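Protein chains: 2
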Amino acid sequence: MKNGNEIRIVDATLRDGGLVNDFYFEDDLVRALYQTNQRTGVDYMEFGYKASKKMFDPAVNGKWKYCDDENIRAIVGENRTNLKIAVMADVGRCDYQEDFRPKAESPVDMIRVATYLDTIPGAVDMIEDAAKKGYEVSCNVMAISRSDEYDLRGALETIAKTPASVLYVVDSYGALYPDHAKRLVDTYLDVAAKYGKQVGMHAHNNLQLAFSNTMLAHSMGATWLDGTYDAMGRGAGNCAMELLLSYLEREGYEKYQMAPALPFLDEYMEGLKSKGVVWGYDTQYLLTGQKNQHPRAAIKFTKEGRRDHAAFRNEIEK
Amino acid sequence: MKNGNEIRIVDATLRDGGLVNDFYFEDDLVRALYQTNQRTGVDYMEFGYKASKKMFDPAVNGKWKYCDDENIRAIVGENRTNLKIAVMADVGRCDYQEDFRPKAESPVDMIRVATYLDTIPGAVDMIEDAAKKGYEVSCNVMAISRSDEYDLRGALETIAKTPASVLYVVDSYGALYPDHAKRLVDTYLDVAAKYGKQVGMHAHNNLQLAFSNTMLAHSMGATWLDGTYDAMGRGAGNCAMELLLSYLEREGYEKYQMAPALPFLDEYMEGLKSKGVVWGYDTQYLLTGQKNQHPRAAIKFTKEGRRDHAAFRNEIEK
Numbered sequence: 001m002k003n004g005n006e007i008r009i010v011d012a013t014l015r016d017g018g019l020v021n022d023f024y025f026e027d028d029l030v031r032a033l034y035q036t037n038q039r040t041g042v043d044y045m046e047f048g049y050k051a052s053k054k055m056f057d058p059a060v061n062g063k064w065k066y067c068d069d070e071n072i073r074a075i076v077g078e079n080r081t082n083l084k085i086a087v088m089a090d091v092g093r094c095d096y097q098e099d100f101r102p103k104a105e106s107p108v109d110m111i112r113v114a115t116y117l118d119t120i121p122g123a124v125d126m127i128e129d130a131a132k133k134g135y136e137v138s139c140n141v142m143a144i145s146r147s148d149e150y151d152l153r154g155a156l157e158t159i160a161k162t163p164a165s166v167l168y169v170v171d172s173y174g175a176l177y178p179d180h181a182k183r184l185v186d187t188y189l190d191v192a193a194k195y196g197k198q199v200g201m202h203a204h205n206n207l208q209l210a211f212s213n214t215m216l217a218h219s220m221g222a223t224w225l226d227g228t229y230d231a232m233g234r235g236a237g238n239c240a241m242e243l244l245l246s247y248l249e250r251e252g253y254e255k256y257q258m259a260p261a262l263p264f265l266d267e268y269m270e271g272l273k274s275k276g277v278v279w280g281y282d283t284q285y286l287l288t289g290q291k292n293q294h295p296r297a298a299i300k301f302t303k304e305g306r307r308d309h310a311a312f313r314n315e316i317e318k
Numbered sequence: 319m320k321n322g323n324e325i326r327i328v329d330a331t332l333r334d335g336g337l338v339n340d341f342y343f344e345d346d347l348v349r350a351l352y353q354t355n356q357r358t359g360v361d362y363m364e365f366g367y368k369a370s371k372k373m374f375d376p377a378v379n380g381k382w383k384y385c386d387d388e389n390i391r392a393i394v395g396e397n398r399t400n401l402k403i404a405v406m407a408d409v410g411r412c413d414y415q416e417d418f419r420p421k422a423e424s425p426v427d428m429i430r431v432a433t434y435l436d437t438i439p440g441a442v443d444m445i446e447d448a449a450k451k452g453y454e455v456s457c458n459v460m461a462i463s464r465s466d467e468y469d470l471r472g473a474l475e476t477i478a479k480t481p482a483s484v485l486y487v488v489d490s491y492g493a494l495y496p497d498h499a500k501r502l503v504d505t506y507l508d509v510a511a512k513y514g515k516q517v518g519m520h521a522h523n524n525l526q527l528a529f530s531n532t533m534l535a536h537s538m539g540a541t542w543l544d545g546t547y548d549a550m551g552r553g554a555g556n557c558a559m560e561l562l563l564s565y566l567e568r569e570g571y572e573k574y575q576m577a578p579a580l581p582f583l584d585e586y587m588e589g590l591k592s593k594g595v596v597w598g599y600d601t602q603y604l605l606t607g608q609k610n611q612h613p614r615a616a617i618k619f620t621k622e623g624r625r626d627h628a629a630f631r632n633e634i635e636k
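Residue numbers (my numbering), protein chains in the order written: chain A, 1 to 318; chain B, 319 to 636.
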């Protein structure tokens with residue numbers, strides 16, 4: 001039986017799910033999630049973004065868009081657990097030099113630097129700053145389903161020379177059919193092997209392939225796998241943590257358990273849905289995923305309660 | 319570009335979807351589906367079951383549980399189209415000797431014989447009867463995720479010696495993780511190659527793998543692929559036809575088009591859902607799928623409107 005040491009499971013519920021409800025999660029939910037992750041064996045819990053308060057008005061966003069150390073501390077105390085704490089920071093949308101304190105003063109263990117291919121120099125600066133301050137760092141390259149693979153490889157080589165320890169495949173548009181996912185993971189693994197880095201997978205469910213692509217990446221050698229409870233996340237949502245845990249159990253990882261996820265789903269995720277928070281696969285996401293487009297049009301369609309997919313397809317074909 | 323001649327797409331919406339609403343579909347919907355399938359390029363439309371009226375009371379089931387030739391004829395006339403007509407018949411639940419007229423008198427092109435591993439002799443009799451009457455025949459072996467693979471291979475050898483032209487992998491419990499699906503498809507392809515038969519895939523979505531497993535089977539050489547619009551089907555539903563069509567377009571099959579599916583989804587599938595007909599992936603199906611169980615407990619849980627998945631898991635663990 002595998003002991004699970006070789007992989008890392010990251011719960012991105014608050015961070016990717018926060019994109020659905022503007023990061024307004026009750027403390028009760030956050031506390032229950034923190035406890036659930038300890039029970040399921042999840043390795044990292046991503047609390048949200050560390051976004052700039054100058055650029056993003058705190059009056060219209062919940063506190064997990066900013067992840068002040070004090071707010072995390074109010075949930076985790078000194079975090080004397082095996083669950084590590086992660087936050088995400090977008091290149092160009094945070095004030096990392098001032099806002100990120102030295103690791104010794106912060107409950108955060110890992111900073112996940114999210115970048116597009118055309119902001120790699122900014123990502124490198126952020127990675128170096130975070131590493132210097134004592135954090136573990138990953139680099140999550142977004143929207144790569146549209147990237148030129150030569151450009152991507154060059155960017156990965158650049159990132160691989162930084163202190164970032166994990167290079168993440170991020171299928172922002174949920175547009176990766178299996179052959180495409182395989183090609184990208186291959187490229188990442190190739191660069192990662194050269195520089196002694198790990199590869200991660202963060203999938204979206206536009207084509208109902210988030211779980212399948214996550215298993216595929218794992219079977220190829222990716223060792224950092226993201227999930228969210230009830231697949232909560234932007235648009236079509238993510239790889240459901242409960243599916244991922246069921247797979248890991250079956251693969252013989254004794255560390256991970258699906259059953260402790262269920263009370264959290266029943267109480268808290270049902271609670272969000274009953275309040276009208278909407279996410280998850282629907283035909284509009286298939287349409288943007290198939291076209292390898294940002295899901296924003298599909299999210300707007302969803303918010304407006306529209307069900308005229310035929311008209312929607314014509315709109316996004318333009 | 320592929321011309322699509324080498325594969326066959328089967329729309330099982332009325333048949334598998336009928337298990338959700340007891341086969342009560344309005345003629346309008348059935349007619350619209352018949353037209354939609356012609357537009358999307360689907361090869362076969364399965365109208366329902368040919369069940370015994372002695373065993374299953376016609377007073378409590380819609381007419382597509384019985385698929386009388388007259389009722390099909392009322393929709394398709396002489397069916398002067400490229401879309402072929404299929405019906406399913408379960409071993410031991412039909413009166414095939416009397417109810418199946420010679421093909422020359424029937425609008426039906428193909429009879430899909432559904433069997434369990436322990437009813438293979440009955441399946442052989444039905445296949446031979448249907449072939450003698452002039453029909454194309456497939457044999458759909460249900461619930462194989464629980465079967466012993468030695469027994470399965472023996473059964474496939476027996477079926478392969480009949481006039482059935484297609485041997486179907488049927489993941490009744492939606493329990494096939496990719497490695498298991500691959501092993502089964504391999505076994506089928508191996509026997510099929512020996513006897514000059516084709517292999518089909520009919521998937522269920524308990525683990526959100528119906529589409530993924532269907533693509534997997536296709537990539538391995540399965541040539542008959544089932545889908546249902548909006549994934550309508552028992553429990554967690556099936557491989558969504560619109561996802562399957564999007565994949566086939568991408569693979570270069572010019573025959574298949576996803577766009578014409580959308581008006582049907584918008585008008586008719588939305589209509590069913592707005593009337594309270596419920597199907598599709600949910601956590602209770604993950605739980606039965608992971609345990610490789612029949613979904614009946616999860617279907618009951620769904621019908622009762624329960625959301626206590628933690629308690630449900632304890633119930634099915636017993």
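C-beta: ideal position from N, C-alpha, C; glycine also.
All of these numbers come straight from a predicted model, not from anything done at the bench.
The alpha helix (DSSP H) enclosing residue i, as first and last residue numbers
i	result
E78 (chain A)	That residue, E78 (chain A), is in no alpha helix (DSSP H); it is neither H nor E in DSSP.
K300 (chain A)	296 to 303
M519 (chain B)	Segment 516 to 520 is the beta strand (DSSP E) holding M519 (chain B); no alpha helix (DSSP H) there.
R333 (chain B)	331 to 339
Y96 (chain A)	96 to 99
Burial state of residue i (16 or more Cβ within 10 Å)
i	result
V378 (chain B)	exposed
A104 (chain A)	exposed
S456 (chain B)	buried
G395 (chain B)	exposed
A193 (chain A)	exposed
A330 (chain B)	buried
K63 (chain A)	buried
D466 (chain B)	exposed
D361 (chain B)	buried
G252 (chain A)	exposed
S172 (chain A)	buried
Under the three-state DSSP convention, the category residue i falls into
i	result
M1 (chain A)	In this prediction, M1 (chain A) has a pLDDT of 44, which is less than 50 and means its spatial position is unreliable; what the coordinates show is noted afterwards. If DSSP states are grouped into helix, strand and coil, M1 (chain A) belongs with coil.
V113 (chain A)	strand
Q326 (chain A)	Since the first and last residues shown for chain A are 1 and 318, residue 326 (chain A) lies out of range.
P408 (chain B)	Per the sequence presented here, residue 408 (chain B) reads as Asp, with Pro not at that position. D408 (chain B) falls in the strand class under three-state DSSP.
N37 (chain A)	helix
W64 (chain A)	helix
D346 (chain B)	helix
G271 (chain A)	helix
A558 (chain B)	strand
K182 (chain A)	helix
R153 (chain A)	helix
I7 (chain A)	coil
I189 (chain A)	Residue 189 (chain A) is actually Leu in this sequence, not Ile. In the structure shown, L189 (chain A) sits in a helix (DSSP, three-state: H, G or I).
V124 (chain A)	helix
D544 (chain B)	strand
K161 (chain A)	coil
Residue interval of the beta strand (DSSP E) (run including residue i)
i	result
Y44 (chain A)	44 to 49
S138 (chain A)	136 to 141
Q257 (chain A)	Segment: none, Q257 (chain A) is in no beta strand (DSSP E) and carries neither H nor E.
D600 (chain B)	Taken as a continuous stretch (DSSP letters only), D600 (chain B) belongs to no beta strand (DSSP E), as it is neither H nor E.
Beta-carbon spacing of residue i, residue j below 8 Å
i	j	result
S530 (chain B)	L209 (chain A)	yes
F23 (chain A)	K65 (chain A)	yes
V459 (chain B)	A473 (chain B)	yes
Y281 (chain A)	G237 (chain A)	yes
A482 (chain B)	V409 (chain B)	no
T532 (chain B)	A521 (chain B)	yes
A222 (chain A)	L245 (chain A)	no
Q284 (chain A)	F312 (chain A)	yes
Y434 (chain B)	V405 (chain B)	no
W224 (chain A)	Q257 (chain A)	no
V426 (chain B)	D386 (chain B)	no
Residue-level contact to chain D via CB, residue i, 8 Å cutoff
i	result
L566 (chain B)	The structure shown contains no chain D; its protein chains are A and B.
Worksheet item: With contact counted as at least three CB pairs below 8 Å, one residue from each stretch, are the region 572 to 590 of chain B and the region 609 to 617 of chain B in contact?
Response: no
Worksheet item: Does the region 486 to 502 of chain B touch the region 165 to 178 of chain A, meaning 3 or more C-beta pairs lie closer than 8 Å?
Response: no
Worksheet item: Is it true that the region 76 to 90 of chain A meets the region 36 to 44 of chain A, where meeting means three or more beta-carbon pairs spaced less than 8 Å apart?
Response: yes
Item to complete: Answer yes if the region 540 to 549 of chain B comes into contact with the region 306 to 314 of chain A, meaning at least three C-beta pairs across the two stretches below 8 Å, and no otherwise.
Response: no
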